[in-house]
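Written below as structure tokens is the structure these notes are about.
Here's what the structure looks like:
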């Protein structure tokens, strides 16, 4: 009897890849923000205290980024979070108003 090979669902594979990329985006954004804040602290508090506080803020930002990204990955998914952030219906309405205003001006002329 011939043994069947297990089927690999290619769509699930790509879903996982996109979730991992989303996870990396969330972690990197928190890390970059904490890095910038750490740099500001380092410049303002020059010396050992500024260096220690800058590194502490960076590590805290990385930890919070990893924690938040992992929580989103396990619950709703990172892509769901990122797609909600990218969706801006308020700005879409502004664009529609501008298009309508241009059409009215061209119709008047």
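Numbering (our numbering), first residue to last: 13 to 121. Backbone N, C-alpha and C fix where the C-beta goes; we use that ideal spot for every residue, glycine too.
- Task: Going by CA-CA distance only, name the one from 43, 87, 83, 25 that's closest to residue 68.
- Result: The sequence position of residue 68 within the chain shown is 56, counting from 1. Closest option to residue 68, Cα to Cα, is 43.
Would you tell me roughly how many angstroms separate the C-alpha atoms of residue 113 and residue 96, rounded to the nearest one?
Within the chain shown, numbered from 1, the residue matching residue 113 stands at position 101. Within the chain shown, numbered from 1, the residue matching residue 96 stands at position 84. When rounded, the distance between both Cα atoms is 28 Å.
Margin query: Quick check on the burial criterion: 16 or more other C-beta atoms within 10 angstroms. Buried or exposed for residue 81?
Written below: Your numbering for residue 81 matches position 69 in the chain shown. That one is buried.
Along the alpha helix (DSSP H) that carries residue 34, what are the first and last residues, could you check? One-based indexing of the chain shown puts residue 34 at position 22. Looking at the DSSP string, the run of the alpha helix (DSSP H) that includes residue 34 is 22-56.
Taking Cβ positions, are residue 65 and residue 57 nearer each other than 8 Å?
-> Sequence index remark: in the chain shown, residue 65 carries index 53 (1-based). Sequence index remark: in the chain shown, residue 57 carries index 45 (1-based). Yes; because the gap between Cβ atoms is below 8 Å, this pair is in contact.
Check: Going by the beta-carbon positions, is the gap between residue 50 and residue 90 smaller than 8 Å?
Finding: Locating residue 50 in the chain shown gives position 38, where the first residue counts as 1. Locating residue 90 in the chain shown gives position 78, where the first residue counts as 1. No; because the gap between Cβ atoms is not below 8 Å, this pair is not in contact.
*Spatial neighbours of residue 55 in its chain, beta-carbon cut-off 8 Å, leaving aside the 5 residues before and after*: Position 43 of the chain shown holds residue 55. Leaving aside the five residues that flank residue 55 on each side, the residues in its chain whose CB is nearer than 8 Å to its CB run, in chain order, 62.
Review point. Nearest-angstrom Cα distance between residue 85 and residue 60?
Key: Counting from 1 along the chain shown, the entry for residue 85 is found at position 73. Counting from 1 along the chain shown, the entry for residue 60 is found at position 48. Computed Cα separation, rounded: 37 Å.
Using the C-alpha atoms, what's the distance from residue 109 back to residue 36?
Within the chain shown, the letter at position 24 stands for residue 36. Within the chain shown, the letter at position 97 stands for residue 109. The straight-line gap from Cα to Cα measures roughly 36 Å.
Nearest by alpha-carbon distance to residue 83: which of 46, 116, 119, 31 is it?
Position 71 of the chain shown, counting from 1, holds the residue named residue 83. With distances taken between Cα atoms, residue 83 lies closest to 31.
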